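What follows is a short report on a single structure.
2 protein chains.
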Amino acid sequence: MKVMIIGGVAGGASCAARLRRLDETAEIVLVERGPFVSFANCGLPYHTGGIIAREQDLIVANEAYFKVNLNIDARTRCEAVAIDRRAKTVDLRYLDTGEVTTESYDKLVLSPGAPSVVPPIPGIDQPGIFQMRTVPDARAVREWIEKGSLFLTGMSKYSGFQTARPKTRAVVVGGGFIGLEMAENLVHRGFDVTVIELRDQVLAPMDREMAEIVESHLKHHGVSVVLGDAVTAFTPREDGAIKVATRSGTEFPADIVILALGVRPDTALARSAGLEIGKLGGIRVNDNMQTSDPEIFAVGDAIEVRDTVTGAWSLVALAGPANRQGRIAADVIAGRDSRYRGTQGTSIIGLFDGAAAWTGASEKALQNAGRQDYEKVYLYPNSNAGYYPGAKPIAMKVLFSRTDGRLLGAQAVGTKGVDKRISTLAMAIQMGATVYDLEEAELCYAPQFGSAKDAVNFAGMVAADVLRGDMPISHWGDPSKAILLDVREPAELSVESVAGAVNIPLRQLRERITELPRDRDIHVICRSGQRAYYATRILLQNGYRAHTMSGGMLARYHRGVLDS
Amino acid sequence: MKVMIIGGVAGGASCAARLRRLDETAEIVLVERGPFVSFANCGLPYHTGGIIAREQDLIVANEAYFKVNLNIDARTRCEAVAIDRRAKTVDLRYLDTGEVTTESYDKLVLSPGAPSVVPPIPGIDQPGIFQMRTVPDARAVREWIEKGSLFLTGMSKYSGFQTARPKTRAVVVGGGFIGLEMAENLVHRGFDVTVIELRDQVLAPMDREMAEIVESHLKHHGVSVVLGDAVTAFTPREDGAIKVATRSGTEFPADIVILALGVRPDTALARSAGLEIGKLGGIRVNDNMQTSDPEIFAVGDAIEVRDTVTGAWSLVALAGPANRQGRIAADVIAGRDSRYRGTQGTSIIGLFDGAAAWTGASEKALQNAGRQDYEKVYLYPNSNAGYYPGAKPIAMKVLFSRTDGRLLGAQAVGTKGVDKRISTLAMAIQMGATVYDLEEAELCYAPQFGSAKDAVNFAGMVAADVLRGDMPISHWGDPSKAILLDVREPAELSVESVAGAVNIPLRQLRERITELPRDRDIHVICRSGQRAYYATRILLQNGYRAHTMSGGMLARYHRGVLDS
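These protein sequence lines map, in sequence, to chains U and G. Using my numbering, you'd call the opening residue of the first sequence number 1 and step up by one each time. Using my numbering, you'd call the opening residue of the second sequence number 1001 and step up by one each time.
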């Protein structure tokens, strides 16, 4: 059996290695159009930032490794240019020689990935504008930065001389993973960074109000974030820099520009071979990773996958799913009935000293899928016991089914313990856990690692309190004629208060309860929602129509949660 | 309804607070024999070490808080001395006045906790010997340390003068949570610390070979660990210190001694009231937390609970379960059918820059429960992507059912990411996950937080490879007449090799395979087990009887995993 694998990074490399474990006799050919097989593309921004010092560290395995250890024929700078499905052959072009050969296959695996979107903006080809998708991209950015100063030829204090000016201004176009990681790494390299994002938020998979915490944290670390604006032109400036002009009429000077507008499945080869393409533009596969031609498999960023929560097709460019898909394709080729379960989209991004992460469906994904039966809560539990030094709040949004309590999604932003909570909740979603299961979860607790009621337990308790009717909730912005009751202490109100809210501190509520009307809805506010819950319990049991404002004042603006 | 709650720390305080949320009208009395309600006993060692600076930080809520915010009558230094179940009364003694009153109840909740075991060792009452269970204990230790120097009155260089000698030598008796936490914190305070443990390992809930990694790490940080020895006497020394004599005939000088021999359920009150006591010596309760008298509930460290994996009764002194039990008792008292699901024993302990953690059953717990159907694997995945600076290995042992692949237990020791992996696996066990589910888990991955194949995925893959028959495994110490095949590189063998093993580096295995016999079992060794797996696959497919030595050389001695 001869297996050709097109694309040698995450999915393709995993498929090749797995197949060799399962079949010593198969002839395996792995072709990669770039100069490296199996490189760590998730590390590229950190290499440009100098955190990963050596380019060599990004190379997981080279062609010799594949040959010697795996008996796999790996070929770099080799591009598949056509598939003849009837003849079961692939035309390969060797980029260094231009030679084209035709090679037969018994099984074919496509792992072409998803190249960066590069829109036809005028001036986009001039020097100093980069993508960040390959090792050569990272090398080019490093060289550009390290090449040193631009020369300022205009008037200066010492008029008439050329003045060396270090590169200090960066514009990152796009506020997704790569864009924000590059923003951070360019700050590490001493740049003033501006991120320009077309949408009204960064990190599109998150819900907007959670992304606002990220934006606030980026600003806290000196990154300018421009939302709802698009680059219309790049033009050279007299000082050697690039003028970045936007739709809103703003101009940003930049000594370097990073294009990070997202990725798009590379389906050219699949399309020309007549394979089925999904509505989102990715290659369509079945659970066995087979395309519409059962002899041809596809894995990784180029395919469409089922979202495990909403059931919708989606495009997910993540290394973990790509690796698993590669393994599954290998299993199936080796004669096993291995099936891909779909993707729940678990993701994390580091943000200076913090992180943002999510798993499962966002609220907008649920809305897009037409789900009406969900509820959400906001909470701000500590990363670990409050009495142990260094405890930090984690801003969390948790989505769950009103019908059966099943966990649907979670988003978190914080400086400590975010990855743990979202990984734990990802496992919960995978296993079909309800918020009642989260209440009872038994997680690691010592004061430096968690709390006796961990953030995950707390999320379950808050959500379950809603479902059991113990805590009717309301959300900021919900249309309502309710009375607002603020149960914080007067000193807290002096910092920030809500116009029109009645103030009765929680500790006085029992004795002053008659000041409130029984025949109106009361939305109770405190700092984070906890005291409001306590107040809600007191009010409900005394016959009042109380609702807790989920997340309290912290959920009102979100922005300051991490950096206050 | 009048509810009396005996014991005001984790379980009792949680019960009281929860009950108030559910019932505004109940009369709730919370009595605590110590001077504080609702204090953070998990923080005590870190307070003595100076990490938690102020005693006040350990006090979660005081009596005034309970009164003002919860309308709960909390009474400290008040001990319940007798229960009259027929009259439904409790006799309370006020420790400051000696006064005894009789108080009625409708429902009674016992949360007496589990005091430290203090064996009748001669000399145990002398100054300088402490327990670590209460805020006053911590205060006493701090005062003893800070009181400064002992005076050396024997002969010194300047003979005839008293010489001030700082307290520098500590003996900790017991190698459990409190003992090891105290050892670390005494190191922080500048002490030379010796831990004396009766068992042949520290941290009894772990399997011994995993505890050896902990012992090695403690030694790496300067803590002496003496196993299999017991203190027989404490006697005063001339220099003002304490001589700690042990059964083995060794003597340790100590300027301070911490007794941390574990805890025993406080069942005096329950026994005298005729409530059922389990075989392990804890109060027996049903899923609703009711004792054999349905009007009396019991929660926390004093009760026996079902182990969710083995089904066996067990004693678990952990804050998380205690809090949940308290909530459940409150629910049931308030008329709800809330049920405790049992305990899976998830625990973590910080160890200087590292941690040890576990969840579910240990191998010895499975053996004690008579389970024959389990298998185990050892692995040493990185905390995060190896190409990102700061990645550290995590030593993991994973136990699972050979029958259906269900995850039964996991133990981990490492310097980074241990809490995340065990919390994630705890959720997996809670939800009945199999090792096949772990393979497919979609966890947070960015290079600073994890790997595209996370440690949890990797655990699932290794275990599933065993169950699918792709990787027959063997373990060090298994009786066997197998040939040992070491597939490491010669340079690695020069550091440490296995007597009698044949060496064929993995990269040469295909061409040299005929050097091996087809008619004998071959146990394949490498550093961590990964290359041995690759070799096993090659051998099996060529008709050889190969087994991977699980965990490779790292599992042979375990000790150096963290600190090499």
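Heads up, the beta-carbon is just placed ideally off N, CA and C, and yes, glycines get one too. On a predicted model such as this, the values are computed, not experimentally measured, just so you know.
Of the choices U/119, U/293, U/189 and U/98, whose alpha-carbon is the least far from that of residue 142 of chain U?
U/189
According to a CB-to-CB cut-off of less than 7 Å, which residues of the region 1411-1429 of chain G neighbour chain U?
1419, 1420, 1422, 1423, 1424, 1426, 1427 and 1428
Identify, in the order they occur along the chain, each residue of the same chain with its Cβ nearer than 7 Å to the Cβ of residue 475 of chain U, setting aside the five sequence neighbours on each side.
Hits under 7 Å: 550.
For the alpha helix (DSSP H) containing residue 1065 of chain G, name the first residue and the last one.
1063-1070
Would you call the region 1325-1339 of chain G and the region 1009-1016 of chain G touching, i.e. three or more CB-CB distances under 8 Å?
Of all C-beta pairs linking the region 1325-1339 of chain G to the region 1009-1016 of chain G, three or more are shorter than 8 Å, placing the two stretches in contact.
Any beta-carbon of chain U closer than 7 Å to the one on residue 1445 of chain G?
Output row for residue 1445 of chain G: interface = yes.
Nearest to residue 1400 of chain G by alpha carbon, out of G/1366, G/1414 and G/1415?
G/1366
Coarse secondary structure for residue 423 of chain U, derived from DSSP in three states:
helix
Short CB-CB distance (under 7 Å) between residue 1492 of chain G and chain U:
no
Under 7 Å between the Cβ atoms of residue 48 of chain U and residue 185 of chain U?
yes
Once DSSP output is grouped into helix, strand and coil, what is the label at residue 1360 of chain G?
strand
According to DSSP, is residue 314 of chain U part of a helix, a strand, or is it coil?
strand
Going along the chain, which residues of its own chain have a beta-carbon closer than 6 Å to the beta-carbon of residue 1436 of chain G, five neighbours each way excluded?
1405 and 1464
N-terminal and C-terminal residue of the beta strand (DSSP E) that residue 347 of chain U is part of
347-351
Check whether the region 523-539 of chain U and the region 176-185 of chain U are in contact - that is, three or more C-beta pairs closer than 8 Å.
no
Give every residue of the same chain whose Cβ lies closer than 6 Å to the Cβ of residue 75 of chain U, excluding the five residues on either side of it in the sequence, and list them in chain order.
Correct list, in chain order: 31.
DSSP on residue 185 of chain U, reduced to helix/strand/coil?
In the structure shown, residue 185 of chain U sits in a helix (DSSP, three-state: H, G or I).
Could you tell me the boundaries of the beta strand (DSSP E) in which residue 243 of chain U lies?
242-246
Looking only at its chain, what residues have a beta carbon closer than 7 Å to the beta carbon of residue 357 of chain U, apart from the 5 residues adjacent to it on each side?
347, 348, 412, 418, 419 and 422
Pairwise C-alpha distance: residue 1492 of chain G and residue 1521 of chain G:
24 Å
For a contact defined as C-beta to C-beta under 9 Å, what are the partners of residue 1542 of chain G on chain U?
24
If the cut is a Cβ gap below 8 Å, which residues of chain G does residue 350 of chain U touch?
By Cβ distance, chain G contributes 1446, 1448 and 1449.
Checking 7 Å against the spacing of the C-beta atoms, do residue 1467 of chain G and residue 1487 of chain G come in under that value?
no
May I have a chain-ordered list of the alpha helix (DSSP H) segments no shorter than 4 residues that lie completely inside the region 53-139 of chain U?
63-70
If I measure Cβ to Cβ from residue 516 of chain U and keep anything under 8 Å in the same chain, skipping five residues before and after, which residues do I get?
Residues 483, 485, 502, 504, 522, 539 and 544 of the same chain have their beta carbon placed closer than 8 Å to that of residue 516 of chain U, with the five preceding and five following residues left out of the count.
Can the beta-carbon of residue 107 of chain U be found less than 7 Å from the beta-carbon of residue 295 of chain U?
yes
Residues of chain G with CB under 7 Å from residue 344 of chain U, in chain order?
1442
Quick test of your reading: residue 387 of chain U and residue 472 of chain U, contact by CB under 8 Å. State the CB separation rounded to the nearest angstrom.
Rounded, the Cβ-Cβ distance is 32 Å, inconsistent with contact.
Determine, using beta carbons only, whether residue 1093 of chain G comes closer than 7 Å to chain U.
no
Tell me which residues of the region 1254-1288 of chain G have at least one Cβ-Cβ distance to chain U shorter than 9 Å, keeping chain order.
Answer set for the region 1254-1288 of chain G: empty.
Between which two residues does the beta strand (DSSP E) containing residue 414 of chain U stretch?
407-414
Among the candidates U/496, U/58, U/96 and U/166, whose CA atom is the shortest distance from the CA of residue 146 of chain U?
U/166
Cβ pair residue 1214 of chain G, residue 1203 of chain G closer than 7 Å
yes
Do three or more CB pairs link the region 1265-1276 of chain G to the region 1083-1091 of chain G at distances below 8 Å?
Yes: the two stretches touch, three or more of their Cβ pairs being nearer than 8 Å.
Threshold first: 3 residues or longer. Then list the beta strand (DSSP E) segments lying entirely within the region 1460-1534 of chain G, N to C.
1483-1486 and 1521-1525
Starting from the beta carbon of residue 545 of chain U, find every residue of chain G whose beta carbon is closer than 7 Å, and list them in chain order.
The contacting residues do not exist; residue 545 of chain U stays about 16 Å from chain G at best.
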